[in-house]
Each structure stands twice: as structure tokens, then as C-alpha cells.
Amino acid sequence: MNNKEKALKAVELLEKEYPEAICSLVYTDPLQLLIATRLAAQCTDKRVNMVTPALFERYKTPEDFSGADISEVEELIKTCGLYKTKARDIVNMCAVLRDEYNSRVPDTIEELIKLPGVGRKTANLVVGDIFGKPAVVVDTHCIRITSRLGFHSTKDAVKIERLLRELLPPEASNDFCHRLVLHGRAVCDARKPKCDICCMSSICSYYTDNNGAT
Ligand code: SF4
């Protein structure tokens, strides 16, 4: 089985295992997803979802955020960690949205990554989940699982994104990445993967290498 066939098989197996491919961050508009994703860096989605209701109640538009008192934003997001940097990025990002994008969230990865604090992971999430475009969100689960499956042996997110764009059907890539997160949390644990109950063990290099299969 070559890598392209293996990728198609992985898409099929994960789809069967996790019919619901949803982002676990709670949001109601593009700006909220952009901000929630920024808050999720080195923090759990669960924690972010505890913080954002009050934040989004207080500030609703790029104008609101860009005019905010940074210390007040810091206070609201304090439990997410790295809160000073995150608060600064959010306020600066909203000022750029207000001044250069007519207060709208852009719909391309190229434009999104120009915003303060927005990297390729966030940009992919937004174009995939909000604008329905092909996206490959490379996070820690994606890096770990695609490496174990045997697609690569790098931690370079840009290289992995490029590789997965070549291997995955564009219309399936966004949901595939959401399902990797679900699988990483439920089964393919970083320290102790539960290979004996994994739906992808038949195509997994890590499993083959650790179970003496031929
Ligand atoms: Fe992860 Fe094991 Fe499944 Fe491979 S077989 S994807 S290492 S849980």
C-alpha cells in the first residue's frame, strides 16, 4: 500500500469511527473562532471554552476588541496561560481587521497569516471551518499520529501540511484533521497509545513495528 492509498484508508477508517468531525472550540462567528484558536495555544479547548463566554459577552466586534483596555482583556483570559501575549495579539489583530479588512475576517490562508498572532494552524482552521475551503490543520495530534502511521518522520508543521495536501482528497482534509484530534485524545495517546483498540492498527507503521507483524 503506498502513502496515497494509506491516506485514503485512514480517511475511511476515521470517518467510520468518528462520524461527527467537529471542532471542540465553541464559537458563533469567524472572529470568535479566530480569537478562541489564539487562546488555545498551549491551553486546552475545554479551558478556552470556559473563558470565552464572558470575553465574547464583553467584546463583540473588532472595534470592541481593538479599543479594549489590554489589562481588562488579560484579566478575562488569564487562566488560558501566556495571557499577556495573547491579549496583546488579540487587540492588535482586531486593530488590523478594523483598519485593513473593513472589520471582516479574511478568507484566505495568505491573508490570515498576516494578522498578528495568527499562524498556519489557525488560518487553516478558519478557512476550513468557516469558509468551507480545503484545510489541513497540523496540531500536536496530527503531527504525532501521521508520524506513527508512517507518513513522515518530521515535526515540521509546514512540511506535514504540504505532504497531507498531496495525500488527502481536498474535500476530506479538514474533517480528517478534526478526527485526528478526537483519535489522539481517545486512543492514540502521546505516551501510551491504545493500539489494541485502534481502528487504524492495520495500516499503522508504529503498530507493525511494535507487534512484529510482517
Ligand atoms: Fe496510534 Fe497505535 Fe492506532 Fe497507530 S495503532 S494510530 S500508534 S493507537
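Residue numbering for the sequence shown follows the working numbering, starting at 1 and increasing by one per position.
For every residue, glycine included, the Cβ atom is placed at its ideal position computed from N, Cα and C.
Values in this document were obtained by computation on a predicted structure and should not be read as measured data.
Own chain residues within Cβ distance below 6 Å of residue i, not counting five before or after
i     : result
Met50 : none
Ala7  : Leu167 and Leu168
Glu17 : Cys199
Val11 : Ala172 and Phe176
Three-state secondary structure assigned by DSSP to residue i
i      : result
Lys121 : helix
His152 : coil
Pro62  : helix
Lys84  : helix
Asp29  : coil
Thr146 : helix
Ile226 : Because the chain is modelled from 1 through 214, residue 226 falls outside the range shown and cannot be assessed.
Asp139 : coil
Same chain, Cβ closer than 8 Å to residue i, five either side skipped, listed in chain order
i      : result
Ile143 : Lys155, Ala157 and Ile160
Cys204 : Arg148, Leu149, Gly150, Cys195 and Cys198
Asn102 : none
Closest residue to residue i among the options (Cα-Cα distance)
i      : options                           : result
Phe131 : Asp139, Thr122 and Val138         : Thr122
Ser201 : His152, Glu171 and Ile145         : Ile145
Leu125 : Pro116, Val138, Lys114 and Leu115 : Val138
Pro116 : Asp129, Glu110, Val96 and Asp107  : Val96
Gly184 : Thr140, Pro30, Glu5 and Val26     : Thr140
Thr28  : His152, Glu63, Ile113 and Pro53   : Pro53
Buried or exposed (CB count within 10 angstroms, at least 16 for buried), residue i
i      : result
Asp93  : Going by the sequence as given, residue 93 is Met instead of Asp. By the neighbour-count rule (16 or more Cβ atoms within 10 Å), Met93 is buried.
Asn211 : exposed
Residue i at chain D interface by Cβ criterion, 8 Å
i     : result
Lys86 : The structure shown has no chain D; it contains just one protein chain.
Contact set for residue i: own chain, Cβ-Cβ below 7 Å, skip 5 residues either direction
i      : result
Cys80  : Leu39, Cys43, Arg47, Val48, Val51 and Lys86
His178 : Ala21, Ile22 and Cys23
Ile35  : Ile90
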